[in-house]
Amino acid sequence: MTPLTASFAGRTVLRVGYGALQLERLHDRRGEAVALLRRAVELGVDHVDTAEFYGFGFANDVIREVLRPEDDVLVVTKVGAEPHPGGRVPLRLAQRPEQLRAGVEDNLRSLGVDRLAVVNLRRLDTGPGLRPEGDQVVDLDDQLAVMTALRDEGKVGAIGLSSVTLDVLRRALPAGIVCVQNAYSLVSREDEDILGLCAAEGIAWVPFFPLGGAFPGLPKATDEPTVRTVAESLGVTPSQVGLAWLLHHSPNVLLIPGTADAAHLEANMAAGEISFDAATLAALDAIKSRSNDAPIG
1 MTPLTASFAG
11 RTVLRVGYGA
21 LQLERLHDRR
31 GEAVALLRRA
41 VELGVDHVDT
51 AEFYGFGFAN
61 DVIREVLRPE
71 DDVLVVTKVG
81 AEPHPGGRVP
91 LRLAQRPEQL
101 RAGVEDNLRS
111 LGVDRLAVVN
121 LRRLDTGPGL
131 RPEGDQVVDL
141 DDQLAVMTAL
151 RDEGKVGAIG
161 LSSVTLDVLR
171 RALPAGIVCV
181 QNAYSLVSRE
191 DEDILGLCAA
201 EGIAWVPFFP
211 LGGAFPGLPK
221 ATDEPTVRTV
231 AESLGVTPSQ
241 VGLAWLLHHS
251 PNVLLIPGTA
261 DAAHLEANMA
271 AGEISFDAAT
281 LAALDAIKSR
291 SNDAPIG
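Residue 172 in the UniProt record's numbering sits at position 172 of the sequence shown, and the numbers go up by one each step.
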């Protein structure tokens with residue numbers, strides 16, 4: 001059995017949390033969004049990943065309505081991008097120091113708090129998606145300077161990184177990094193060296209796109225014959241196998257699978273209780289890793 005809890009930002013949390021991105025699918029059914037997040041808390045979720053630009057503020061608004069102080073849920077947000085309504089991609093980069101500060105202020109306002117527990121700086125140096133160009137190419141030191149200033153001011157509790165390379169993580173370590181979010185899954189494991197450094201440094205590894213396949217052309221864990229065979233033998237779904245493998249792979253892995261469906265939410269949480277014997281784990285480990293890089297749009 002894998003440990004069900006892990007250390008994150010100075011506290012102990014359940015290793016399966018909730019990613020709020022998918023709440024935007026319920027934008028026109030707010031009551032369902034509220035009920036879904038409340039159900040997540042009832043199931044034990046004690047860390048939620050969000051961003052001001054998720055659903056143009058909708059996810060944060062729902063979180064603000066649902067979560068109460070007594071729920072003791074760690075809310076992790078991010079900066080480095082902002083909504084771009086009407087754009088070909090409804091998101092644009094916001095990497096400059098003044099934009100990072102504005103992003104923190106926006107999250108404080110929309111979440112209705114005076115301090116953000118953890119803020120991830122999304123660098124976009126690696127993984128699928130946009131890449132910084134022009135004035136959005138900003139030196140890491142300049143970004144960390146504003147993030148640490150915000151922490152010193154009490155507006156940010158702890159700093160994380162997202163979509164970064166091994167070199168960027170090494171450079172950032174003196175700033176006190178508590179988590180790294182990169183695209184990573186059973187079928188896309190090119191960041192193994194970064195995961196290893198995080199484990200050695202006591203940094204939480206929080207993979208996004210944990211099953212791969214977020215964009216066309218990216219591999220999907222659920223398409224793997226071995227994953228399907230294991231799922232059938234255990235009486236679970238291929239998605240649950242992909243999530244459970246991540247938890248078995250390294251003790252510092254925390255999951256933030258997102259969904260807009262209550263049954264799917266319960267299945268994601270149940271993945272934390274799946275055990276693999278040595279032969280099954282070896283078979284899953286032997287699955288070939290492929291590139292996780294792909295553009296958006």
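We put the CB at the ideal spot given by N, CA and C, even for glycine.
Bear in mind that the values here come from a model prediction, so they are computed numbers and not experimental data.
Judged by DSSP secondary structure, L74 falls outside any alpha helix (DSSP H) and instead within the beta strand (DSSP E) spanning L74 to V79. Of the candidates R151, L186, V187 and E190, R151 places its Cα closest to the Cα of V178. Under the three-state reduction of DSSP, D49 is assigned to strand.
With contacts defined by Cβ atoms closer than 7 Å, G55 and H27 form a contacting pair. In this structure, the beta-carbon distance from V187 to P219 falls below 7 Å. Burial is judged here by how many other beta carbons sit within 10 angstroms of a residue's own beta carbon; R122 has at least 16 and is buried. One Cα belongs to L254, the other to A204, and the distance between them is close to 7 Å.
Looking at the backbone, the Cα of G213 and that of E42 are separated by about 29 Å. In the three-state scheme derived from DSSP, where H, G and I count as helix and E and B as strand, Q95 is classed as coil. When the Cα atoms are used, L36 and N107 turn out to be separated by approximately 21 Å. Of the residues assessed, R15 falls on the buried side of the cut-off, its CB having 16 or more other CB atoms within 10 angstroms. If you draw a straight line from the Cα of G31 to the Cα of V48, it comes to about 19 Å.
Boundaries of the beta strand (DSSP E) harbouring G160: V156 to S162, taken from the DSSP string. Residue pairing for T165: DSSP places it in no beta bridge. Taking a C-beta distance under 7 Å as the contact criterion, L140 and A175 do not qualify as a contact pair.
Spatial neighbours of P257 in its own chain (CB-CB distance under 7 Å, excluding positions within 5 residues in sequence) are listed in chain order as G19, P210, L243 and N268. Secondary structure note for V13: its beta strand (DSSP E) is the uninterrupted segment R11 to L14. Secondary structure note for Q181: its beta strand (DSSP E) is the uninterrupted segment I177 to Q181. Looking at the DSSP output, V236 shares a beta bridge with no other residue.
Taking the Cβ atoms as the reference, V66 lies roughly 5 Å from R38, within the contact range of under 8 Å. Annotated three-state conformation of G272 is helix, per DSSP. Distance from the Cα of A117 is smallest, within the candidate group V45, R11, T5 and D277, for R11.
Taking C-beta atoms as the reference points, T222 and P238 count as a pair closer than 7 Å.
The beta carbon of D142 is closer than 6 Å to those of P97 in its chain, skipping five residues each way along the sequence.
Taking the CA atoms as reference points, L234 sits about 19 Å from L4. One thing to note: L91 has its Cβ no nearer than 7 Å to the Cβ of A102. Excluding its 5 nearest sequence neighbours in each direction, F276 has C-beta neighbours in its own chain below 8 Å: V230, A244, W245, H248 and L284, listed in chain order. Annotation for F8: the continuous beta strand (DSSP E) segment containing it runs T5 to F8.
Rounded to whole angstroms, the gap between the alpha carbons of S250 and R170 is 19 Å. Residue environment analysis places V241 among the buried positions, since at least 16 neighbouring C-beta atoms fall within 10 angstroms of its C-beta.
When the beta-carbon positions are compared, T259 and Q22 come within less than 7 Å of each other. For V118, the enclosing beta strand (DSSP E) covers residues L116 to R122.
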